[in-house]
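The sequence shown begins at 3 in the working numbering and counts up one residue at a time.
Beta carbons are placed, not taken as given, at the ideal position from N, Cα and C, and that holds for glycine.
Bear in mind that the values here come from a model prediction, so they are computed numbers and not experimental data.
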Amino acid sequence: MNKPFNAGDALQPKSKFRPLSVNQVEVGGFFGPRVDVVATTTAKLLFDRCIEARMLEQVDPDLPNPGIVIPFDHGNTVTTQMFWDSDFGKSIETAAYALNRKRDEELEARVDAVIDAYGRLQAEDGYLNSWYQRIQPGQRWTNLRDRHELYNAGHLIEGAVAYYHATGKRKFLDIMCRYADCIDATFGADANKKRGYPGHPELELALVKLGRVTGEQRYLDLAKFFVDERGREPKYFDQEAIARGEKPEDFHFTTLEYCQAHKPVREQREVVGHAVRAAYLYAGMADVATEFSDESLDPALEALWSHLTDRNLYVTGGFGPSKDNEGLTFDYDLPNETAYAETCAAVALVFWASRMLGRAPDARFADVMERALYNGALSGLSEDGTHFFYDNPLESYGNHHRWRWHRCPCCPPNISRLVASIGTYFYGVAEDELALHLYCENAAEIEVAGTKVGVKQETAYPKDGRIAVTLTPEAPVEFTLSLRVPGWARGFSLAINGEASDATPEKGYLRIRRQWQAGDTIELDLEMQPEMLYAHPKVAPDQGRAALLRGPLIYCVEETDNKAPLNAYVVKDGAPVTLDQAEGLGDTVALSIEALVESQPTDALYATTPPERTSASLKAIPYYLWDNRAPGEMLVWLRREA
Numbered sequence: 003m004n005k006p007f008n009a010g011d012a013l014q015p016k017s018k019f020r021p022l023s024v025n026q027v028e029v030g031g032f033f034g035p036r037v038d039v040v041a042t043t044t045a046k047l048l049f050d051r052c053i054e055a056r057m058l059e060q061v062d063p064d065l066p067n068p069g070i071v072i073p074f075d076h077g078n079t080v081t082t083q084m085f086w087d088s089d090f091g092k093s094i095e096t097a098a099y100a101l102n103r104k105r106d107e108e109l110e111a112r113v114d115a116v117i118d119a120y121g122r123l124q125a126e127d128g129y130l131n132s133w134y135q136r137i138q139p140g141q142r143w144t145n146l147r148d149r150h151e152l153y154n155a156g157h158l159i160e161g162a163v164a165y166y167h168a169t170g171k172r173k174f175l176d177i178m179c180r181y182a183d184c185i186d187a188t189f190g191a192d193a194n195k196k197r198g199y200p201g202h203p204e205l206e207l208a209l210v211k212l213g214r215v216t217g218e219q220r221y222l223d224l225a226k227f228f229v230d231e232r233g234r235e236p237k238y239f240d241q242e243a244i245a246r247g248e249k250p251e252d253f254h255f256t257t258l259e260y261c262q263a264h265k266p267v268r269e270q271r272e273v274v275g276h277a278v279r280a281a282y283l284y285a286g287m288a289d290v291a292t293e294f295s296d297e298s299l300d301p302a303l304e305a306l307w308s309h310l311t312d313r314n315l316y317v318t319g320g321f322g323p324s325k326d327n328e329g330l331t332f333d334y335d336l337p338n339e340t341a342y343a344e345t346c347a348a349v350a351l352v353f354w355a356s357r358m359l360g361r362a363p364d365a366r367f368a369d370v371m372e373r374a375l376y377n378g379a380l381s382g383l384s385e386d387g388t389h390f391f392y393d394n395p396l397e398s399y400g401n402h403h404r405w406r407w408h409r410c411p412c413c414p415p416n417i418s419r420l421v422a423s424i425g426t427y428f429y430g431v432a433e434d435e436l437a438l439h440l441y442c443e444n445a446a447e448i449e450v451a452g453t454k455v456g457v458k459q460e461t462a463y464p465k466d467g468r469i470a471v472t473l474t475p476e477a478p479v480e481f482t483l484s485l486r487v488p489g490w491a492r493g494f495s496l497a498i499n500g501e502a503s504d505a506t507p508e509k510g511y512l513r514i515r516r517q518w519q520a521g522d523t524i525e526l527d528l529e530m531q532p533e534m535l536y537a538h539p540k541v542a543p544d545q546g547r548a549a550l551l552r553g554p555l556i557y558c559v560e561e562t563d564n565k566a567p568l569n570a571y572v573v574k575d576g577a578p579v580t581l582d583q584a585e586g587l588g589d590t591v592a593l594s595i596e597a598l599v600e601s602q603p604t605d606a607l608y609a610t611t612p613p614e615r616t617s618a619s620l621k622a623i624p625y626y627l628w629d630n631r632a633p634g635e636m637l638v639w640l641r642r643e644a
């Protein structure tokens, strides 16, 4: 039985940076209305659609067993029905953040009912997996490689931690602590334990969350074991396959690169395989590196980060171009129309980037976190909170749209929980330093240098780059305040209590150390001008093209604002770009750019004369907003004038 605990028992940061919990930040500004949409609409909708898909029937032992509802893929290996616990876990997490935003008795009762069902399902030894308890009993721990058993546990743990933070209720947390204890009793380096690890990483970072909230070191130790053990010889997944009577070489995806288990993590230098698995693993590695001050993970994390961001990252912050493996192929392979760029991958990149900030402020990581958040991830949720993208292409001929639901519904609760918990990504707090990673209007209560400090951000960001931060410590206190200067900012100004400061960024952060007093105000003004971006020549689809950027936002052109075909437009390097508005998108800042449009005087398929060019103007909107109005073509990379 776990010992009682409260928030004061949670493991405290030392010389490392921790995020705030969701109940410490009140979000307004750009994200406030989006959090409200999730809280009032999406959180309930997720439960509706999970139950409509028959997930509760599988979880609740008091209901008739639904049997196999979704067919197997890859022979008789996998069905997405095996992942249903993870969908419920993320949906509970989303609901927790929604309840933190706005208490809703009906939603809370629905969550409690699902938690009660999991309580009834849980085995005496703490084991908890609806598939292996209800659909294929007697097969637990037999196929960690393919069947998401430990992945499901991770998402349920994250849901339990969030629900505890938001409501103070610990029933679900107690249930998941018992399951974590069962996992801990099963896996480890001891001779009587299995030396396995998750086929789909996620449990690693969830155990760190659980260790932090409960104060139990053994959960952190288990996370470290899973990271350390992964990919070691003899390969656990190969041994496991042999024990099932299978040949390891018959693995559907042919190589353990697919699940990043091809070599020990400290030897990995290139991002390979399934994109979401990769980013979850690297997030867990970064967490372990932070919690254990384990510098031996740094070379791998740095190399992996560079490999992704220098050669394999879409301009939107999405990654994983291939539908076949939902992941990586080869360097500079970044097609636009067929881009997979799964919403979950961008969400997972936000997780990884945020954890790379666990040891020190560094704008390399925060800039990518922001790019992925505002573009590749946020595009996955419609403005009304009811429809979702699974894949996120950078070009569409009018046939790509958000869907209501999916038989693999991992993305809807994933993007929803990210948006609803967005305040937890704004800050990092260490013993005597407070870092501001993301800018958005909010009010937070933070303890730094042993003193409670109220922090208030006032800003219209990302509409403009003006940010005012007001500090209200309970008593005068000395600490370092670090403010990010994004890499896209071509200039900035800083003033403290109205006096200009000549501070210069260190690794992209203005680090201001002084004794702070109630009412101290810091004003940061970031220069936010539209710019053109150009891809490396090795990115073949983007040769002779340019993309538009303003602040953290990547822009695209849609047929609803322009005339198709969008590839008939040509822009000139350095062409004037002005701020504009787009119909049907409120006060969103759109961009207008001077262009030429090509046309042929005849309908002939081919002609011996070049097309005519006439002056035109293109209107562009933030990429995350596309497909919220009339259907039609969309394009991120615009043709450039030769």
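What are the partner residues of residue i, as DSSP defines its beta bridges?
i	result
A622	V559, L593
W518	V479
R197	Answer is none; R197 lacks a bridge partner.
I498	E501, I524
A548	L640
R468	D527
T616	V599
W405	F390
A534	Checking the displayed sequence, the identity of residue 534 turns out to be Met instead of Ala. L550, per the DSSP bridge assignment.
K458	A445, T472
L383	F390
T580	S594
Tell me which residues share the same chain as residue i and place their Cβ nearer than 7 Å to its Cβ, disregarding the 5 neighbours each side in the sequence.
i	result
S298	R268
G378	Y316, T318, G319, G320, A343, A348, N394
N630	S384, E385
E293	V210, L222
Y334	R313, H538, K540, V541
How about residue i and residue j: are their beta carbons less than 8 Å apart?
i	j	result
E614	P603	yes
G322	P203	no
L158	M178	yes
I448	Q26	yes
W86	Q60	yes
V80	D148	yes
H439	A549	no
A341	L420	no
W354	A288	yes
A502	L512	no
Y238	R197	yes
Three-state secondary structure (DSSP) at residue i?
i	result
I448	strand
M57	helix
F239	helix
L637	strand
L396	coil
G329	strand
V27	strand
T44	helix
E108	helix
G489	coil
Q262	coil
A168	helix
T96	helix
V573	strand
S484	strand
Y429	strand
D272	The question names Asp, yet the displayed sequence has Glu at residue 272. Coil at E272, not helix or strand.
Less than 6 Å between C-beta atoms, sequence neighbours within five positions excluded: which residues of the same chain meet that for residue i?
i	result
K574	E643
E259	V274, G275
K458	A445, T472
S423	V24, Y99
E95	E160, G161, A164, R419
H309	E272, V273
Excluding the five sequence neighbours on either side, which residues of its own chain have a C-beta within less than 8 Å of the C-beta of residue i, listed in chain order?
i	result
G10	Reliability fails at G10, whose pLDDT of 41 lies under 50, so the model's placement of it is uncertain and the value that follows must be treated cautiously. Counting only Cβ-Cβ distances below 8 Å, and skipping sequence neighbours, we find nothing.
R641	G546, R547, N569, Y571, V572, V573
R136	Q60, V61, P63, N67, L123
Tell me the start and end of each unbroken beta strand (DSSP E) in the segment 274-323 that is at least 3 residues and wholly inside, in chain order.
-> Assignment of beta strand (DSSP E) within the segment 274-323, counting only whole runs of 3 or more residues, yields no such run.
Which runs of the alpha helix (DSSP H) spanning at least 4 residues fall entirely within the segment 180-229, listed in chain order?
-> The DSSP assignment places complete alpha helix (DSSP H) segments of no fewer than 4 residues inside the segment 180-229 at 205-216, in order along the chain.
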